[in-house]
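Below: one structure, written as structure tokens.
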Amino acid sequence: MAREVEKKAVFDTDSAKEVVKELRASFVAGKTKSYEWRVAQLKALLKMTEENEPQIAAALRDDLSKPELESYIYEIAMLKSSCRLALKEMKRWIMPERAKTSLTTFPSSAEIVSEPLGVVLVISAWNYPFLLSLDPVVGAIAAGNAVVLKPSEIAPATASLLAKLVANYLDSSCIKVVEGAVSETSALLEQKWDKIFYTGNGRVARIVMAAAAKHLTPVVLELGGKSPVIVDSGINLQVATRRIIAGKWGCNNGQACISPDYIITTKDYAPKLLDSFKRELEQFYGKNPLESKDLSRIVNSNHFARLSKLLDEDKVSGKIVHGGERDKNNLKIAPTILLDVPLDSLIMNEEIFGPLLPIIMVDKVEDSFDVINSSGTKPLAAYLFTNKEKLKEKFVATVSAGGLVVNDTTVHLAEHTLPFGGVGDSGMGAYHGKFSFDAFSHKKAVLYRGFACDAFVRYPPYTRRKLRLLQALLGGSLLSIIRALLGWS
Ligand code: NAD
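Quick note: UniProt numbering has the sequence shown finishing at residue 489, numbered continuously throughout.
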């Protein structure tokens, strides 16, 4: 008996095969396709979230000491809002979309039918472990798919809560959670999926994409990058500073994919900006931020060591102008600002994903675009604080990133009407709102014809007259069509 329990706990390739087999059988039987099933599952997901808010917040506190308010806004409330939106809009999303037809197929009508892809895999990351796990699942369910969710082992309390709750509330013949780390994920990745939706870093994204390529499985990759913030002069500095702080330290202490990674401002404006940061940071987190209950801790000792290495590099020594305090035992790092760090330092060459914020100085604010574009990678988000219309226009025209925000940070995430996703190194594909539904749907082209008007020109024998008529029909004037019909050369 003990041996059996032990055997059951191992999730290997055979277990993964079994899971996919069960889910595929449900999908093929049409269980997930009905509108009623989708509604019932989305309602159950909403209910599950509503009934377990304290447990979810407690798991997030265990995993990251995430402040309750942040857990509520960025994980619980956002998921509920996604469920509600899908429930409200799904009927419209599912409706076939009429498409125009041309003379080529006259008379005909056409539509684009959204059909579910099948059995999909969602692999999520640790930093927003509740939302990043279930938000893609909302899209997968709305689009009528069966889903396996593999949450991150780095947020174990949330992962095991998700496994328990999903099994209790959702249809387990179609939606399952598989807990585990590299070996379990590898076993899952060996299987044939109809889509893989991965959130995490670029190194693992390459592993995911290589595994997907073996089965020609399409992927959505939600990755990260170095999201810059350009700060121009002549702005409402206090509001700007607060909005940067909210997007950086107020988002999981900087452990968020769209958190400001570094700032670019002019040499003249940097001292003012720095003073403002110091003032506001002290007001928000007190004189000893390591003690603040409003800052998440660093997720684990590996990430603590990674961030410490960025701070301890010789090239950046002496560049810390605010913060820098660390508490290794409690995995805490205070909000830390570095001024004038060299562009070839480690901190400027990898995603920081933590509470460190370098400020780069340029002569003119317009030079900021060159700093961003010369990095050779496209960030997940880019931010600009300015009152100048010309600068906004240039920002939108020249900076390529997953998303841009003018005069705020991170809040584009909350707009369901905007696609959320990266470009280049920051990822491929997008989700949120209808984009989530589209990410898990195939857009099937359907053309309807009758038996009238059977164009003789497409059939052999291919005569000169038929060719003339075709040339006239497909590119000529009305006169040339009439001439060709009458056989005049
Ligand atoms: P992570 O360590 O939790 O890894 C993500 C997932 O990959 C986990 O489920 C993990 O089990 C799996 N995994 C890890 N190694 C693997 C391997 N060798 N083979 C197969 N699967 C493996 O999370 P992370 O990568 O540290 O997440 C942080 C990164 O994710 C940052 O770059 C961040 O910017 C990015 N991110 C992006 C978004 C977004 O929406 N674009 C959101 C959050 C985080």
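Beta carbons: idealized from backbone N, C-alpha and C, even for Gly.
query, result
"For Met78, report the span of its alpha helix (DSSP H) as first-last.", "Met78 to Ile94"
"Please report the residue range of the alpha helix (DSSP H) in which Glu51 lies.", "Tyr35 to Glu51"
"According to DSSP, is Thr398 part of a helix, a strand, or is it coil?", "helix"
"Just checking my contact of Ile123 with Asn300 at CB under 8 angstroms: how many whole Å lie between their CB atoms?", "So it is not a contact: roughly 19 angstroms between Cβ atoms."
"Given a cut-off of 8 angstroms, decide if Ile263 and Ile360 are closer than it, judged by their beta-carbon atoms.", "yes"
"Would you kindly work out how many angstroms separate the C-alpha atoms of Ile207 and Gly200, rounded to a whole number?", "11 angstroms"
"Which one of Arg458, Val19 and Thr463 has the shortest CA to CA distance from Ser173?", "Val19"
"Given Leu46, which residues of its chain have a CB within under 8 angstroms of its CB, disregarding the five upstream and five downstream residues?", "Lys80, Cys83, Arg84 and Leu87"
"Is DSSP giving Ala445 helix, strand or coil here?", "strand"
"For Val138, is the beta carbon positioned less than 7 angstroms from some heavy atom of the ligand FMN?", "For the structure depicted, the ligand FMN is absent and the ligand set comprises only the ligand NAD."
"Suppose the cutoff is 6 angstroms on Cβ atoms and the five residues either side in sequence are ignored; what does the same chain contact list for Lys226 look like?", "Asp261, Glu351 and Pro379"
"So, does the region 447-459 touch the region 205-220, judging by three or more C-beta pairs under 8 angstroms?", "no"
"Look at the alpha carbon of Ala407 and the alpha carbon of Leu479, and state the distance between them as a whole number of angstroms.", "In the sequence on display, residue 407 carries Asn and not Ala. Between Asn407 and Leu479, the C-alpha separation is close to 57 angstroms."
"Exposed or buried, Glu475, counting other C-beta atoms within 10 Å across all chains shown (16 or more means buried)?", "What sits at residue 475 in the sequence shown is Gly, not Glu. Exposed."
"Closest by CA to Tyr74, which one among Trp193, Ile347 and Val411?", "Val411"
"At which residue ranges does the region 316-357 contain complete alpha helix (DSSP H) runs of 4 or more residues, listed in the order of the chain?", "none"
"Are the region 36-44 and the region 132-141 touching by the rule of at least three beta carbon pairs closer than 8 angstroms?", "yes"
"Measure the C-alpha to C-alpha separation of Ala484 and Lys443 and round it to an integer number of angstroms.", "38 angstroms"
"Going by the DSSP bridge assignment, what does Gly403 pair with across the sheet?", "Ala381"
"Report buried or exposed for Glu222, applying the criterion of at least 16 other Cβ atoms within 10 angstroms of its Cβ.", "buried"
"Leaving out five residues before and five after Lys33 in sequence, what residues of the same chain have Cβ atoms less than 7 angstroms from its Cβ?", "Pro116 and Gly144"
"When burial is assigned at 16 or more other CB atoms within 10 Å of the CB, is Glu6 buried or exposed?", "For Glu6, the predicted model reports a pLDDT of 41, less than 50, meaning its position is unreliable and no value from the coordinates is stated."
"So what's Tyr285 in DSSP terms, helix, strand or just coil?", "helix"
"Which first and last residues belong to the alpha helix (DSSP H) in which Glu184 is found?", "Val182 to Leu189"
"Ends of the beta strand (DSSP E) at Tyr262?", "Tyr262 to Thr266"
"Kindly indicate the opening and closing residues of the alpha helix (DSSP H) around Tyr169.", "Pro156 to Tyr169"
"Expressed to the nearest angstrom, what Euclidean distance is found between the alpha-carbon atoms of Gly118 and Val219?", "14 angstroms"
"Once you ignore the five residues that flank Ser109 on each side, which residues in its own chain have a CB closer than 6 angstroms to its CB?", "Tyr448"
"Do you know how far the Cα of Ser160 is from the Cα of Met428?", "29 angstroms"
"Please return the same chain residues whose Cβ sits closer than 7 angstroms to the Cβ of Arg3, not counting the five positions on each side in sequence.", "In this predicted model, Arg3 has a pLDDT of only 41, less than 50, meaning its place in the structure is not dependable enough to derive any value."
"Just to confirm, is the Cβ distance from Val341 to Pro358 under 8 angstroms?", "yes"
"Take Ser71 and list the residues in its own chain whose beta-carbon comes closer than 6 angstroms to its own, dropping the five residues that flank it on each side.", "Ala57 and Leu60"
"Under the three-state reduction of DSSP, which class applies to residue 495: helix, strand or coil?", "Given that the chain is displayed from residue 1 to residue 489, the structure contains no residue 495 and the question cannot be resolved."
"For Glu222, verify whether its CB is less than 7 angstroms away from any heavy atom of the ligand NAD.", "yes"
"Does DSSP classify Ala58 as helix, strand or coil?", "helix"
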